[in-house]
Amino acid sequence: MQSLDPLFARLSRSKFRSRFRLGMKERQYCLEKGAPVIEQHAADFVAKRLA
């Protein structure tokens, strides 16, 4: 598998993506649920949208 570092470097410079910020409610949700749950939610969302 190729390194994703160049991709993330390009994304970090994206003006479009830099405008998005989590509010306090979303941050708290992420802290309470933890990364594994958030990652699973993201995977489910993408799978449903691409189905």
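Just so you know, we're using our numbering here: the sequence shown kicks off at 1110 and counts up by one.
Glycine included, each C-beta is placed from N, C-alpha and C at the ideal position.
Excluding the 5 residues preceding and the 5 following residue i in the sequence, name in chain order all residues of the same chain whose CB lies nearer than 6 Å to its CB.
{"i": "Phe1154", "result": "none"}
Could you tell me the alpha carbon to alpha carbon distance between residue i and residue j, rounded to whole angstroms?
{"i": "Arg1158", "j": "Tyr1138", "result": "22 Å"}
{"i": "Ser1127", "j": "Phe1117", "result": "12 Å"}
Give me, in chain order, the residues of the same chain whose beta-carbon lies closer than 8 Å to that of residue i; leave out the 5 immediate sequence neighbours on both sides.
{"i": "Leu1131", "result": "Cys1139"}
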